Structures are given as structure tokens and as C-alpha cells.
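Heads up, the final residue of the sequence shown is numbered 146 in full-length UniProt numbering, and it's a clean run with no missing numbers. We treat Cβ as the ideally placed atom computed from N, Cα and C, and that holds for glycine. Quick caveat, the model's predicted, so the values are computed rather than measured. What follows is a short report on a single structure.
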Amino acid sequence: MNKSKFFPDAFYRVSVRGLMRDGDKFLLGHHHDGDWETFGGGLDFGENLHQALKREILEETGCDVPYISKQPILALPHIVHNLRGMDWFYNFPIYYEVIFDISKFNSSLQYSEIKWFTLEEIQSLKLFEGEEGIKNGLKSLIKNNE
């Protein structure tokens, strides 16, 4: 593993992600680099998970987040490759259900657009490498809620 000023050896990066659902559709953001992903990111020192998720969604979309589920709905640990000077590192994203007012979306921030997708549509999307796990994770989530 390469050394990086961003991450120590054996680093697990905890991140928090928001899933917004409307019936059988999920809201994703189209990153300016071409990938689709859920909303969220890493924790800053001293933040709890809800604080980090509210901050990340506001930074990425311009939208305030009035609702975050009390409990996580998914956790999908995985390896991320070739990011921030590292060949790879472990990421541990924790997913919460969120609700926010998408009419406040600002496309000049991290995402060029946001769009609703069915589970079937998500299966064929080019997702950010770390988000590939949601394809199966959402299947399990839907099955468990039926």
C-alpha cells in the first residue's frame, strides 16, 4: 500500500450517505466527473453521523436536511481504489434514509443534476466505485420492507 498524507496505514474511512426514497424510486446525484452516487461523505473531527450527513448534503446540493432516520438502513463496507494518493483503502459507508427539499438543489455545487431512479434503472447506471454495493443493498432493503 502506498503512503499518503491523507490516510494512515490500515485506515478505515467512515462515511455517511443519504438515501431519499419516493415509492419505488431513489434519488441520486450525477457527479460532475460522470458517475452517479448517493449523497454524503466523510466525517469531520468531532461530528456525529447526523451532523456529518446534514453538512455533506448541504455542501453538495445546497439543500437543508430536515429528516434523517434515527437508525441506519444499510452499511456496505468495501475497498476503494486509487483515490487521494492511495492504491486502496477500506471505506465503511453508513446509509440513512433522508428527506430534503429538492427544489433548493444547486447544480453549481458537486452534482450537475439529481434524478429519481427505480432499482432496475440503478442496476445499469455507472456508479461511483464505492457505491456499486448499493445495487444489491437496495434489493435487500426493498425485500426486507415488503
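Exposure of residue i, with buried meaning 16 or more beta-carbon neighbours within 10 Å
i           : result
Tyr-111     : buried
Ser-140     : exposed
Lys-143     : exposed
Ser-124     : exposed
Ile-79      : exposed
Tyr-96      : buried
residue 158 : For residue 158 there is no data in the structure shown, the boundaries of the chain being 1 and 146.
Gly-18      : buried
Asn-91      : buried
Gly-93      : At residue 93 the sequence reads Pro, which differs from the Gly that was named. Answer is buried; the Cβ neighbour count reaches 16.
Lys-70      : exposed
Anticipated Cβ contact below 8 Å, residue i with residue j, distance rounded
i       : j      : result
Glu-131 : Glu-37 : 5 Å
Arg-13  : Phe-89 : 6 Å
Phe-39  : Asp-64 : Between Asp-64 and Phe-39 the Cβ distance is about 13 Å, and since that is not below 8 Å, they are no contact.
Val-16  : Leu-49 : 5 Å
Sequence-distant residues of its chain with Cβ nearer than 7 Å to residue i (five each side left out)
i       : result
Leu-138 : Phe-26, Leu-119 and Ile-122
Val-72  : Checking the displayed sequence, the identity of residue 72 turns out to be Pro instead of Val. Correct list, in chain order: Ile-94, Tyr-95 and Tyr-96.
Asp-44  : Ala-52
Lys-135 : Ile-122 and Gln-123
Gly-62  : Lys-104, Phe-105, Asn-106 and Leu-109
Cutoff 8 Å; reference residue i; Cβ partners in own chain excluding five residues on either side
i       : result
Lys-126 : Gly-34, Asp-35 and Trp-36
Asn-145 : none
Val-98  : Gly-18, Leu-19, Met-20, Phe-39, Leu-53, Ile-57, Val-65, Tyr-67, Ile-68 and Ser-69
Glu-47  : Arg-55
Ala-75  : Phe-92, Pro-93, Ile-94 and Tyr-95
Cβ-based neighbour list, residue i, same chain, cut-off 6 Å, excluding 5 preceding and 5 following
i       : result
Trp-116 : Lys-25 and Leu-27
Glu-56  : Gly-40 and Gly-41
Gly-23  : none
Stretch pair the stretch 25–35 + the stretch 101–110: three plus CB contacts closer than 8 Å: yes
Beta strand (DSSP E) runs contained entirely in the stretch 59–144, provided each spans 3 or more residues: 78–83, 86–99 and 111–118
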